[in-house]
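First comes the structure, then the notes that go with it.
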Amino acid sequence: MRNYQWCSRFAWILLLAVLMSCFSRFWRSTDLPAASKISFSSKKISTMPSSSASWATIWLHGLGDNGPNNAPIEHSLNISNMKWLFPSAPPQPVTCNYGSVMPSWFDIEELPFTAESPINEGGLLLAVRKVHSMIDKLVEDGIQADKIFLCGFSQGGALSLASALSYPKKLAGAAVFSGWISFTPTFLSNATEGKQTPVLWQHGMKDPLVHFEAGQVGPPLLASHGINCEFKAYPGLQHSISSEELNYLGHWLKARMGT
1 MRNYQWCSRF
11 AWILLLAVLM
21 SCFSRFWRST
31 DLPAASKISF
41 SSKKISTMPS
51 SSASWATIWL
61 HGLGDNGPNN
71 APIEHSLNIS
81 NMKWLFPSAP
91 PQPVTCNYGS
101 VMPSWFDIEE
111 LPFTAESPIN
121 EGGLLLAVRK
131 VHSMIDKLVE
141 DGIQADKIFL
151 CGFSQGGALS
161 LASALSYPKK
171 LAGAAVFSGW
181 ISFTPTFLSN
191 ATEGKQTPVL
201 WQHGMKDPLV
211 HFEAGQVGPP
221 LLASHGINCE
231 FKAYPGLQHS
241 ISSEELNYLG
251 HWLKARMGT
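Residues 1 to 259 in full-length UniProt numbering are what the sequence shown spells out, letter by letter.
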């Protein structure tokens, strides 16, 4: 009986990990406008030369996904003067998947992720350094820090938030889709100018993998540290990105660009 219970639990966790990857792709195949359903045959990260854009957005994907799969977002939003980057997480063992190797920005100990789930701040900080290096490279290429956005879905949303708030300069903004707080309050206390970065947080109220409550506790914590965070809840939305969310993101980005 013990062996049966262990196997059943293993199968359930494995299924959740697979579903998390599948849900991160769901909106691309069913929820975007038809014009944005494009195929991506290369590993191209950005479609606009750095010399052609004054603004930039780094989009971080969810667990088990990759950067190029998210590239249709650029065509869906169609924002001029914006350089888009879609990096891919490295393959590494993931605890919630019993150590199986998959694309992951940092380790996740359990799924579904709840407001009480343990966080892996050590692994997060390593990933944050990589994102900061991406930002630094954009700055070296001539794009000002306050014209760089960080956006991400699920695990990528958690990383986008942490990376933006801990960057030594204010960024243009950070957008979180179905994410969570992946750091301790001390992390925020040590942050400097990055805390001036405005945050947009969107979350589905029926999310089975990153529970709505896990996202809901984030904005009050940010507000307690003086961080400007706009939170939008979507009834009925599960672990995916809806067209409504993307449309709002487009308006939010353009408002901060002054266009």
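Every residue gets a Cβ at the ideal spot worked out from N, C-alpha and C, and that includes glycine.
- Secondary structure of residue 174 (DSSP, three-state): strand.
- With a beta-carbon spacing of about 13 Å, residue 210 and residue 161 fall beyond the 8 Å limit used to define contacts.
- Within 10 angstroms of the beta-carbon of residue 126 lie fewer than 16 other beta-carbons, which makes it exposed.
- A direct Cα-Cα distance of roughly 19 Å separates residue 232 from residue 77.
- Annotation: the continuous alpha helix (DSSP H) that includes residue 122 extends over 121 to 140.
- Rounded to whole angstroms, the Cβ separation of residue 135 and residue 250 is 22 Å, and the two are not in contact under 8 Å.
- Just measuring C-alpha positions, the residue of 217, 94, 69, 150 sitting nearest residue 109 is 94.
- When secondary structure is reduced to three states using DSSP, residue 90 falls in the coil class, being assigned neither helix nor strand.
- The beta carbon of residue 191 is closer than 7 Å to those of 165, 166 in its chain, skipping five residues each way along the sequence.
- Residue 234 is bridged by DSSP to 204.
- Per DSSP, residue 100 is one residue of the beta strand (DSSP E) stretching across 100 to 103.
- In this structure, the CA atom of residue 130 is about 10 Å from the CA atom of residue 89.
- Counted as a single uninterrupted DSSP element, the alpha helix (DSSP H) harbouring residue 162 occupies residues 155 to 166.
- Annotation: residue 119 to residue 61 spans about 18 Å, alpha carbon to alpha carbon.
- Taking a 10 Å sphere around the C-beta of residue 52, we find fewer than 16 other C-beta atoms and assign the residue as exposed.
- Scanning its chain for C-beta atoms nearer than 6 Å, with the 5 sequence neighbours on each side dropped, one finds around residue 155 the residues 62, 63, 105, in chain order.
- Inter-residue distance for residue 68 and residue 185 is about 33 Å (C-alpha atoms, whole angstroms).
- Residue 101 counts as exposed, since fewer than 16 other C-beta atoms from the protein chains shown sit within 10 angstroms of its C-beta.
- Note that the C-beta distance between residue 121 and residue 183 is below 7 Å.
- Going by DSSP, residue 58 is part of the beta strand (DSSP E) stretching over 55 to 60.
- In the DSSP assignment, residue 254 falls outside any beta strand (DSSP E) and lies within the alpha helix (DSSP H) extending over 243 to 257.
- Under the DSSP assignment, residue 222 falls in the alpha helix (DSSP H) whose first and last residues are 218 to 224.
- Under DSSP, the beta-bridge partners assigned to residue 229 are 199.
- Annotated as distal: residue 157 and residue 206, with beta-carbon spacing of 7 Å or more.
- It is roughly 39 Å from the alpha-carbon of residue 112 to the alpha-carbon of residue 54.
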